[in-house]
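Residue numbers (the working numbering): 4 to 362.
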């Protein structure tokens with residue numbers, strides 16, 4: 004969006020939001036915390052320990068550790084696997100968060116060599132992995148693959164890939180930031196999906212709408228080493244209970260709603276079929292998110308978004324992202340509580356008014 008538009012002010016003037024769980028205020032977030040919170044001290048005891056135990060149980064893992072961010076958790080997981088195997092190379096999709104958004108922190112902080120594998124526009128395949136020409140310490144999968152619209156591999160393909168990687172002696176790590184939203188696609192319990200991997204990271208602020216933070220789950224010895232690295236990263240804060248309590252609230256409130264979010268997302272994609280200049284991907288969506296490729300310019304989109312905010316009190320997006328297709332821009336629609344307040348037809352009508360071809 005152009006620099007002369009005050010995005011926070013635009014959000015504040017709106018009483019509805021199209022995506023995710025809307026724009027909750029600080030007071031609303033704090034009010035969502037359970038009343039019977041027990042505080043921790045430096046990540047031990049209280050709601051932090053209770054959350055770690057709950058997540059370990061949900062994922063079928065022997066242990067879990069709470070961390071302030073997924074960036075920290077995933078770098079630590081890969082470092083632990085690399086040290087255990089005496090190798091420095093780790094492998095992931097070209098559009099992994101580690102590659103795009105962390106300024107090569109795995110290399111700068113942990114002396115790891117990142118090796119991307121596969122086509123940036125597609126999911127990883129077994130052939131991609133088998134084409135690796137050197138031993139690696141760990142392979143990272145992201146479920147779903149956010150940067151290409153939230154695609155998920157077929158269960159049989161995922162199992163075959165993980166089994167092959169583990170047969171080579173490498174660790175299998177899951178970037179499960181949106182794992183909570185993925186089980187509907189697989190129609191399998193969380194523990195069965197997570198059980199494929201040596202370590203699993205899950206986020207509490209994305210689909211669950213918590214304040215911040217995540218858990219890393221795995222075998223007890225791996226998680227013990229991860230706790231040591233958390234301290235080295237400065238991540239063992241004096242009081243971690245606010246974020247942990249918010250995560251508990253998100254698990255209680257929104258984990259049971261995940262199938263509803265996914266169903267609503269698919270209904271929206273179907274409603275968009277008749278809107279000119281709009282291409283959902285994947286279609287139908289695999290999770291509660293999808294990318295919408297729009298035949299427009301960023302300037303035209305922003306102007307329409309501002310009109311919606313000012314005239315109807317609907318906040319949509321602060322702008323669009325570029326695509327490889329000339330004349331198209333892309334936005335990401337994540338279905339949450341705010342989106343549920345719109346019928347699929349209403350969402351399609353809002354999107355139609357954001358795209359000149361649909362006007």
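Quick reminder that beta carbons are idealized off the backbone N, C-alpha and C, glycines included.
Check	Outcome
Skipping 5 residues on each side, what residues in its chain have a beta carbon closer than 8 Å to that of residue 263?	343
On a CA-only basis, which of 333, 332, 148 and 113 is nearest residue 122? Give me that one, please.	148
May I ask which residues mark the beginning and end of the alpha helix (DSSP H) holding residue 41?	Here residue 41 belongs to no alpha helix (DSSP H), and DSSP marks it neither H nor E.
Work out the CA separation of residue 294 and residue 265 for me, nearest whole Å.	14 Å
Which full runs of the alpha helix (DSSP H) of 4+ residues lie inside the region 223 to 249, going along the chain?	223 to 235
On the criterion of 16 or more Cβ atoms from any shown chain inside 10 Å, does residue 170 qualify as buried, or is it exposed?	exposed
Tell me whether residue 15 sits in a helix, a strand or coil according to DSSP, three-state version.	helix
With a threshold of 6 Å on Cβ separation, who are the neighbours of residue 362 within its own chain once the five nearest residues in sequence on each side are excluded?	In this prediction, residue 362 scores a pLDDT of 44, lower than 50, which makes its location untrustworthy; the coordinate-derived value is nonetheless stated afterwards. Here the set comprises nothing.
Would a C-beta distance cut-off of 8 Å place residue 13 and residue 312 closer than the cut-off?	yes
In its own chain, which residues sit with a C-beta less than 6 Å from the C-beta of residue 222, not counting the 5 before and 5 after it?	65
Are the beta-carbon atoms of residue 214 and residue 204 separated by less than 8 Å?	no
Output the distance between the C-alpha atoms of residue 160 and residue 310, rounded to the nearest integer angstrom.	45 Å
Indicate whether residue 239 and residue 45 have their beta-carbon atoms separated by less than 8 Å.	yes
With distances taken Cα to Cα, identify the nearest neighbour of residue 127 among 226, 98 and 140.	98
For the alpha helix (DSSP H) that contains residue 49, what are its first and last residues?	49 to 62
Please classify residue 11: is it buried, with 16 or more other beta-carbons within 10 angstroms of its beta-carbon, or exposed?	exposed
Please classify residue 156 as buried or exposed, where buried requires at least 16 neighbouring CB atoms within 10 angstroms.	buried
With a CB to CB cut of under 7 Å and the five nearest residues on each side skipped, what residues in its chain are close to residue 198?	63
Mark residue 103 as exposed unless 16 or more other C-beta atoms lie within 10 angstroms of its C-beta, in which case mark it buried.	exposed
Grouping DSSP H, G and I as helix and E and B as strand, with all else coil, what is residue 93?	strand
Nearest to residue 345 by alpha carbon, out of 271, 260 and 119?	271
If I measure Cβ to Cβ from residue 291 and keep anything under 6 Å in the same chain, skipping five residues before and after, which residues do I get?	184, 264, 265, 268 and 338
Residue 246 to residue 216, Cα distance in whole Å?	6 Å
Please state if the CB of residue 336 and the CB of residue 22 are separated by a distance shorter than 8 Å.	yes
Quick one: residues in its chain with C-beta nearer than 7 Å to the C-beta of residue 209, no 5 flanking neighbours on either side, listed in chain order?	180 and 181
Quick one: what's got a C-beta closer than 6 Å to residue 150's C-beta in the same chain, skipping five residues either side?	98
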